[in-house]
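S.K.: To start, I am sharing the structure in question, which I have written as structure tokens.
If you want it as structure tokens, here you go:
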């Protein structure tokens with residue numbers, strides 16, 4: 001497995017530093033993580049064999065920099081920070097991919113700077129809303145850890161899920177793992193609380209690039225009906241529903257996901 | 268020593284197997300399924316009757332508080348209750364202690380400045396202005412604001428309210444969370460420069476620092492009993508010393524459920540069910556709901572996870588009345604036992620304002636009235652003199668409530 005190197009770049013006129021994990025060679029691919037935080041999994045690893053993967057930590061979630069979240073007050077600040085990030089990394093055009101909360105950010109960034117995005121891949125993104133399928137931060141912030149395991153996954157005994165979701169054995173490391181888990185939820189929630197319907201519907205029309213909307217058929221966190229909502233709102237999109245998969249396709253159905261995403265980017 | 272009567276206004280008739288049927292008594296508990304509207308109407312009136320009776324019986328003040336979307340205590344607007352109490356006690360020296368309307372739940376928060384000023388006017392200067400930071404779940408789940416904003420909004424709301432109370436002319440407020448073009452409230456408070464400010468908290472060091480810096484009175488509200496409170500209260504007094512504040516006991520308020528019976532043996536019969544109901548049903552609350560992610564600062568979260576200063580809430584379910592009573596989670600017994608134990612608690616913790624909860628859990632109106640009567644007649648007279656032979660001055664008591672020396676009924 002590749003070991004991404006960390007690069008720190010300055011955004012928001014120097015008031016915020018963002019930490020970016022970088023690995024691989026090829027076309028730039030910016031990956032925006034979910035409210036679960038950055039995690040270098042097999043999916044990203046395989047992508048890095050074909051692309052230069054940039055995976056930034058959301059402000060406040062990079063190791064040792066919890067208070068960076070104070071530098072962004074709202075979603076607008078956040079989108080501008082990510083737009084600055086493209087410039088700081090000297091990325092003129094890239095493939096943009098976001099998962100869940102990262103899917104919202106990716107959509108916003110693509111709407112903010114549409115010409116910079118070659119292809120957009122949204123994996124179970126939040127950001128749109130229909131009364132047919134209400135959801136809110138309550139879905140992922142209020143459950144206990146045991147409850148969220150049942151909500152997030154189709155099969156919580158999947159080896160990749162177990163590896164990702166099992167805290168370290170040693171007390172100190174386990175405590176830090178728990179702190180990081182809660183803090184990351186808190187940082188990401190800050191800009192979308194209480195319902196992540198923040199006006200994307202009025203901006204999403206600006207996205208012109210080909211887009212792929214991926215959803216686990218068994219997603220109990222964000223209803224799969226939103227695949228259609230996103231697809232309808234995007235100019236040029238296709239939907240890929242993944243069987244036997246919850247809210248975390250990169251963990252539960254990595255091969256199916258990669259085998260769809262890679263040709264989509266190449267097409 | 269000042270002793271006030273506190274009320275949570277709980278739902279008193281939850282089913283025996285309530286906590287097995289519902290995941291939480293907070294936030295998501297369906298009112299229409301669980302609650303009887305006739306009973307709820309009765310509870311609000313009983314609560315007002317009980318607090319009014321406490322005032323008539325000799326308590327120095329009456330306390331209301333604010334929580335939302337739960338069966339534990341749903342006095343959602345304490346100022347509505349405080350307004351009735353202010354009028355019902357007109358002409359007396361009963362303090363109206365609002366613990367309190369929570370500024371960050373309202374937008375703009377000058378609504379609290381205005382309502383408190385109204386209460387201060389109606390009560391002719393008997394208002395204590397409670398300034399709770401507010402429960403994280405109330406702020407974020409019930410009232411929809413991001414957990415990470417709560418403390419920053421609180422500090423800003425506090426500064427805005429203080430300025431609105433004391434400004435001699437209108438001003439523009441350009442804050443991070445609130446922007447107002449012309450702040451010029453009518454009325455300003457009756458008390459000058461403003462009513463005494465008490466800040467409730469649950470042993471958060473950042474709240475201690477805020478309280479001590481501003482020279483306010485701190486109200487320690489804990490579910491874990493007076494014995495468990497000792498080391499945390501010591502932390503407060505140590506911090507006070509570090510920040511150059513004296514050990515004036517009136518800086519500290521302590522809340523505790525109290526039940527007085529004819530004998531210690533009888534107390535279990537009178538209050539056993541009510542105490543277990545409070546802890547098993549009222550506090551049937553998955554811990555993560557109390558403080559949504561981001562509510563605590565990173566350092567407070569780190570402290571909580573690595574030091575685990577509180578026992579898990581699940582522990583309550585394993586405890587029975589005698590455990591609660593032995594550990595001073597509640598103080599129940601004969602008048603002598605209760606007096607002795609409260610005296611010990613007050614002296615140990617160095618508390619100048621005691622807030623007694625004579626109604627808790629399922630305790631009926633009738634038993635509550637009897638309890639209030641017994642506390643007022645048989646306990647308060649012995650407690651009231653505790654700090655009398657010291658030179659400490661109560662700088663945090665409303666000026667309108669200092670008219671005459673309080674006598675037990």
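Protein chains in written order, with this note's numbering: chain A, 1 to 267; chain B, 268 to 676.
Note that beta-carbon positions come from the ideal geometry of N, C-alpha and C, so glycine has one too.
Given the structure is predicted, the values throughout are model-derived calculations rather than measurements.
1) So with CB distances below 7 Å, who are the chain B contacts of residue 190(A)?
2) Could you check what DSSP says for residue 270(A) in three-state terms: helix, strand or coil?
3) Any beta carbon of chain A sitting closer than 7 Å to that of residue 679(B)?
4) Should residue 270(B) be flagged as near chain A, meaning a C-beta pair shorter than 7 Å?
5) Compare the C-alpha of residue 450(B) against each of 509(B), 376(B), 517(B) and 387(B) and name the closest.
6) If the cut-off is 7 Å on Cβ atoms, which residues from the stretch 546-574 of chain B count as contacting chain C, listed in chain order?
7) With a threshold of 7 Å between beta-carbons, can residue 186(A) be considered close to chain B, or not?
8) Using CA coordinates, which residue listed in 405(B), 461(B), 403(B) and 408(B) is at the minimum distance from residue 428(B)?
9) Distance, Cα to Cα, residue 448(B) vs residue 442(B)?
10) Would residue 355(B) count as contacting chain A if we go by Cβ distances under 7 Å?
11) Please confirm if residue 61(A) has its CB atom under 7 Å from at least one CB of chain B.
12) Counting only Cβ pairs nearer than 7 Å, list the residues of chain B close to residue 67(A).
13) Going by other Cβ atoms of all chains shown within 10 Å of its Cβ, with 16 needed for buried, is residue 130(A) buried or exposed?
14) Taking all protein chains shown into account, decide if residue 326(B) is buried (16 or more other Cβ within 10 angstroms of its Cβ) or exposed.
15) Provide the residue span of the alpha helix (DSSP H) that contains residue 187(A), from first to last.
16) Going by the CB atoms, is the gap between residue 638(B) and residue 625(B) shorter than 7 Å?
17) Check distances from the C-beta atoms of the stretch 195-221 of chain A to those of chain B and list, in chain order, the residues that come in under 7 Å.
18) Taking the continuous alpha helix (DSSP H) assigned at residue 18(A), which residues delimit it?
19) Return the CA-CA distance between residue 110(A) and residue 66(A), expressed in angstroms with no decimal places.
20) Along the beta strand (DSSP E) that carries residue 524(B), what are the first and last residues, could you check?
21) Please return the same chain residues whose Cβ sits closer than 6 Å to the Cβ of residue 267(A), not counting the five positions on each side in sequence.
22) Note down the Cα distance separating residue 672(B) from residue 656(B), rounded to an integer number of angstroms.
23) Give the secondary structure of residue 406(B) by DSSP, where H, G and I count as helix, E and B as strand, and everything else as coil.
24) Please tell me whether residue 100(A) has its Cβ less than 7 Å away from any Cβ of chain B.
25) Using the rule of at least 16 other Cβ atoms within 10 Å of the residue's Cβ for burial, across every protein chain shown, is residue 306(B) buried or exposed?
26) With respect to the beta strand (DSSP E) encompassing residue 622(B), which residues constitute its N-terminal and C-terminal limits?
27) Which runs of the alpha helix (DSSP H) at least 4 residues long sit entirely within the stretch 572-622 of chain B? Give them in chain order.
28) CB residue 437(B) to CB residue 595(B), shorter than 7 Å?
29) Measure the alpha-carbon distance for residue 490(B) versus residue 173(A) and round it to whole angstroms.
30) Taking just the CA atoms, how far does residue 474(B) sit from residue 11(A)?
31) Just list the residues that DSSP pairs residue 5(A) with in beta bridges.
32) State buried or exposed for residue 674(B), treating a residue as buried only when at least 16 other CB atoms are found within 10 Å of its CB.
33) Quick check on the burial criterion: 16 or more other C-beta atoms within 10 angstroms. Buried or exposed for residue 365(B)?
34) Report the three-state DSSP secondary structure of residue 31(A) (helix, strand or coil).
35) In terms of alpha-carbon separation, which member of 77(A), 123(A), 106(A) and 155(A) lies closest to residue 224(A)?
36) Is the Cβ-Cβ distance between residue 388(B) and residue 454(B) less than 7 Å?
M.R.: Answer, in terms of the structure:
1) Here the question's residue 190(A) lines up with position 190 in the first chain. In chain order: 413, 415 and 561.
2) With chain A covering 1 to 267 only, the question about residue 270(A) has no answer from this structure.
3) Within the shown structure, residues of chain B are numbered from 268 to 676, placing residue 679(B) beyond reach of any answer.
4) Along the second chain, read from residue 1 onward, the residue named residue 270(B) stands at position 3. With 7 Å as the cut-off, residue 270(B) does not count as an interface residue toward chain A.
5) Stepping through the second chain from its first residue, residue 450(B) is reached at position 183. The candidate whose alpha carbon is nearest that of residue 450(B) is 376(B).
6) The question asks about chain C, but that chain is absent: this structure's protein chains are A and B.
7) Position 186 of the first chain, counted from the first residue, corresponds to residue 186(A). It does; some Cβ of chain B falls within 7 Å.
8) Counting from one through the second chain, the residue named residue 428(B) turns up at place 161. Of the candidates 405(B), 461(B), 403(B) and 408(B), the one whose C-alpha sits nearest the C-alpha of residue 428(B) is 461(B).
9) Position 181 of the second chain, counting from 1, holds the residue named residue 448(B). Position 175 of the second chain, counting from 1, holds the residue named residue 442(B). Spanning the two alpha carbons is a distance of roughly 11 Å.
10) Residue numbering aside, residue 355(B) sits at position 88 when the second chain is read from its first letter. No, residue 355(B) does not count as interfacial toward chain A.
11) To locate residue 61(A), count along the first chain from 1; it is residue 61. Chain B, which has no Cβ nearer than 7 Å to the Cβ of residue 61(A), makes this no.
12) Locating residue 67(A) in the first chain gives position 67, where the first residue counts as 1. Under the 7 Å cutoff, chain B gives 565.
13) Position 130 of the first chain holds residue 130(A). Classification for residue 130(A): exposed.
14) Taking the second chain and counting its residues from 1, one reaches residue 326(B) at position 59. Flag for residue 326(B) reads buried.
15) Reading the first chain from its first residue, position 187 is the one you call residue 187(A). Start and end: 171-190.
16) Here residue 625(B) is taken as the residue at index 358 of the second chain, counted from 1. Here residue 638(B) is taken as the residue at index 371 of the second chain, counted from 1. Cβ atoms of residue 625(B) and residue 638(B): closer than 7 Å.
17) none
18) On the first chain, position 18 is the one that residue 18(A) refers to. No alpha helix (DSSP H) contains residue 18(A), which is instead part of the beta strand (DSSP E) from 16-23.
19) Translated into the one-based positions of the first chain, residue 110(A) becomes position 110. Translated into the one-based positions of the first chain, residue 66(A) becomes position 66. Their backbone Cα atoms lie some 27 Å apart in a straight line.
20) On the second chain, position 257 is the one that residue 524(B) refers to. 519-528 is the extent of the beta strand (DSSP E) around residue 524(B).
21) As a working mapping, residue 267(A) is identified with position 267 in the first chain. Excluding residues within five positions, none has a Cβ falling inside 6 Å.
22) Residue 672(B) sits at position 405 when you count from the first residue of the second chain. Residue 656(B) sits at position 389 when you count from the first residue of the second chain. Only weak support exists for where residue 672(B) lies, its pLDDT of 48 falling under 50; the coordinates are left without a value.
23) Position 139 of the second chain, counting from 1, holds the residue named residue 406(B). In this structure, residue 406(B) counts as helix in the three-state DSSP scheme.
24) Working through the first chain from its first residue, we reach residue 100(A) at position 100. Cβ-Cβ to chain B under 7 Å: no for residue 100(A).
25) Here residue 306(B) is taken as the residue at index 39 of the second chain, counted from 1. Exposed: under 16 other Cβ atoms inside 10 Å.
26) The sequence position of residue 622(B) within the second chain is 355, counting from 1. That run of the beta strand (DSSP E) goes 620-624.
27) 581-585, 588-593 and 602-616
28) The count along the second chain starts at 1 and reaches residue 437(B) at position 170. The count along the second chain starts at 1 and reaches residue 595(B) at position 328. Contact: no.
29) Taking the first residue of the second chain as 1, we reach residue 490(B) at position 223. Taking the first residue of the first chain as 1, we reach residue 173(A) at position 173. Taking the straight line from one Cα to the other gives about 30 Å.
30) One-based indexing of the first chain puts residue 11(A) at position 11. One-based indexing of the second chain puts residue 474(B) at position 207. Their backbone Cα atoms lie some 33 Å apart in a straight line.
31) By one-based count along the first chain, residue 5(A) stands at place 5. Beta-bridge pairing links residue 5(A) to 22(A).
32) Sequence index remark: in the second chain, residue 674(B) carries index 407 (1-based). With a pLDDT of 47 at residue 674(B), under the threshold of 50, the predicted position of this residue should be treated as unreliable, and no value is reported.
33) Within the second chain, the letter at position 98 stands for residue 365(B). Buried.
34) Taking the first residue of the first chain as 1, we reach residue 31(A) at position 31. Here residue 31(A) sits in strand by DSSP.
35) Numbered from 1 along the first chain, position 224 holds the residue referred to as residue 224(A). Of the listed residues, the one whose Cα sits closest to residue 224(A) is 123(A).
36) The residue labelled residue 388(B) in the question sits at position 121 within the second chain. The residue labelled residue 454(B) in the question sits at position 187 within the second chain. Contact: yes.
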